[in-house]
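Undergrad: Taken in order, the sequence shown gives residues -27 to -1, 1 to 321; the numbers are from mature numbering (1 follows the signal peptide of the UniProt record, and there is no 0).
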Amino acid sequence: MSTNRSRAATAVAALAAATALVLSGCAAGENASTDGSTSDAGGQTTGGTLNIDFATYNPLSLVIKDQGWLEDALADQDIEVNWVQSAGSNKANENLRAGAIDVGSTAGSAALLARSNGSPIKTIDIYSQPEWSALVVGPDSDITSVADLAGKKVAATKGTDPYFFLLQALDAEGVDPADVTIENLQHADGSTALFNGSVDAWAGLDPIMAGAEEDGAQLIYRNVDFNSYGFLNATEDFLTEKPDVAQTVVNAYEKARAWAQENPEETAQILADVAGIDLAVATTVIEDRSNLDVDNVPGQAQIDVLSVIGPIFVESGDVASQDNVDEALDSLLDPTYAEDADPSAIDG
């Protein structure tokens, strides 16, 4: 081979090697992610953005956002925190599936529904065991029981705990869901429809429901056992690419749990400010209907609740088969982050 040819071959080989490094995103032991972040050999992520939701039905998310703990904890890693509001579990699931958020808060039923229908999410923390759903009627309604809902219109947000609360209540009281017209409205719209007479009842969600009570709405059916837990979920891609950031999120959640329990008045004020509701209403939600003193590790307690709700997915046509539900139950929970939670790792 001639010298020129040898040099050309060497140059081509070098170019190919350099191109391979760029395409693989690897350089000096670092792995690049799609958002431009990198992780070193020790697994620490640098750069990029954490996209995470906050929701009025998840008080811990509001505390973390208000206190700025994630921004402080991730500053040294040059990671930006982007907060996205979830109007309901269904919206959180939509954003998780679309990759618009890395971490989102839902009801347990909604997380199972999403996983059963192929959404690649894992539950990494339990943020509450609330009584956040009930069946609600207007101030002057003559409806007093679930049986009275036959032939009536009921507002509910499909894919959320109130929707599945409604289905469980109908089943428990012997009312055929086919005899009820379910209007698929987002939670706030359902409350509005109740008060303007567009629907006869509403499967409510706090804190909107507590506000409706202040305005005279009546809770005609409550059953805490029909409310599933509050699940903190993350996409599988996020957990694979940035497990250290996921751990920081869970650490912040556990710091927020202790803070909220020690500061219920301040927590209620944060909720009131974000939700735009009276402090008295927010206090009812935090102190009477948000049980934050629960084991944060996803496990058998959640499986027991979801095992009851799962078959309803199939009966209602929301999931194609029980096999899909069973597979989701087997793969949804990832307790490792909650088990390793270290609130002291979060300054503030």
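Every residue, glycine too, gets a C-beta built ideally from N, C-alpha and C.
#1: So what does residue 203 bridge to, in DSSP terms?
#2: Nearest-angstrom Cα distance between residue 75 and residue 162?
#3: Taking residue 194 as part of the beta strand (DSSP E), name the residues at either end of that continuous run.
#4: Among 19, 69, 102, 41, which one has its Cα closest to the Cα of residue 51?
#5: To the nearest angstrom, report how far apart residue 172 and residue 271 are at their CA atoms.
#6: Suppose you measure from the CA of residue 299 to the CA of residue 88; what does that come to, to the nearest Å?
#7: Reducing DSSP to helix, strand and coil, say where residue 306 ends up.
#8: May I ask you to list the residues that DSSP assigns as paired with residue 24?
#9: For the beta strand (DSSP E) containing residue 109, name the first residue and the last one.
#10: Just grab the DSSP bridge partners of residue 127 for me.
#11: With a threshold of 16 other CB atoms inside 10 Å of the CB of residue 62, please say whether the residue is buried or exposed.
#12: Could you check which residue in 249, 287, 58 has the C-alpha nearest to that of residue 73?
#13: What would DSSP say about residue 95, mapped onto helix, strand or coil?
#14: Could you work out which residue in 65, 213, 227 is closest to residue 314 when comparing CA atoms only?
#15: Applying the criterion that 16 or more other CB atoms from any shown protein chain within 10 Å of the CB defines a buried residue, is residue 91 buried or exposed?
#16: For residue 10, name the three-state secondary structure that DSSP assigns.
#17: So the alpha helix (DSSP H) residue 246 belongs to, where does it begin and stop?
#18: How would you call residue 143, buried or exposed, if buried means at least 16 neighbouring beta carbons within 10 angstroms?
#19: For the candidate residues 297, 317, 319, whose alpha-carbon lies nearest to that of residue 85?
#20: Would you report the Cα separation of residue 152 and residue 124, rounded to the nearest angstrom?
#21: Would you please state the rounded distance, in angstroms, between the beta carbons of residue 265 and residue 101? I believe it to be under 8 Å.
TA: Let's see:
#1: Mapped onto the sequence shown, residue 203 falls at position 230. Among the bridge pairs identified by DSSP, residue 203 is matched with 80, 101.
#2: Stepping through the sequence shown from its first residue, residue 75 is reached at position 102. Stepping through the sequence shown from its first residue, residue 162 is reached at position 189. Approximately 27 Å, taken between the alpha carbons.
#3: Within the sequence shown, the letter at position 221 stands for residue 194. Unbroken beta strand (DSSP E) run through residue 194: 191 to 194.
#4: One-based indexing of the sequence shown puts residue 51 at position 78. The shortest Cα separation from residue 51 among 19, 69, 102, 41 belongs to 19.
#5: Indexing the sequence shown from 1 puts residue 172 at position 199. Indexing the sequence shown from 1 puts residue 271 at position 298. When rounded, the distance between both Cα atoms is 37 Å.
#6: As a first step, residue 299 is located in the sequence shown; it is residue number 326 there, counting from the start. As a first step, residue 88 is located in the sequence shown; it is residue number 115 there, counting from the start. In a straight line, the C-alpha of residue 299 is about 10 Å away from that of residue 88.
#7: If you number the sequence shown from 1, residue 306 lands on position 333. The answer is strand: DSSP assigns residue 306 an E or B state.
#8: In the sequence shown, the residue the question calls residue 24 occupies position 51. Note: residue 24 sits in a beta bridge opposite 55.
#9: Residue mapping note: residue 109 aligns to position 136 of the sequence shown, counting from 1. Where residue 109 is concerned, the enclosing beta strand (DSSP E) stretches over 106 to 110.
#10: Sequence index remark: in the sequence shown, residue 127 carries index 154 (1-based). Looking at the DSSP assignment, residue 127 forms a beta bridge with 155, 174.
#11: The count along the sequence shown starts at 1 and reaches residue 62 at position 89. Residue 62 comes out buried.
#12: For this step, residue 73 is matched to residue 100 along the sequence shown. Cα-wise, what sits closest to residue 73 is 58.
#13: Counting from 1 along the sequence shown, the entry for residue 95 is found at position 122. Strand at residue 95.
#14: Start at 1 with the first residue of the sequence shown, and residue 314 comes out as number 341. It is 227 whose Cα lies nearest to the Cα of residue 314.
#15: By 1-based counting over the sequence shown, the position of residue 91 is 118. Exposed, by the Cβ-count rule.
#16: As a working mapping, residue 10 is identified with position 37 in the sequence shown. In this structure, residue 10 counts as coil in the three-state DSSP scheme.
#17: Translated into positions along the sequence shown, residue 246 becomes position 273. Boundaries of the alpha helix (DSSP H) around residue 246: 237 to 248.
#18: For the purposes of this step, residue 143 is taken as the residue at position 170 of the sequence shown. Residue 143 comes out buried.
#19: Locating residue 85 in the sequence shown gives position 112, where the first residue counts as 1. When only C-alpha atoms are compared, the closest one is 297.
#20: The sequence position of residue 152 within the sequence shown is 179, counting from 1. The sequence position of residue 124 within the sequence shown is 151, counting from 1. Roughly 5 Å separates the two Cα atoms.
#21: Counting from 1 along the sequence shown, the entry for residue 265 is found at position 292. Counting from 1 along the sequence shown, the entry for residue 101 is found at position 128. With 8 Å as the limit, residue 265 and residue 101 qualify as a contact, their Cβ atoms being about 5 Å apart.
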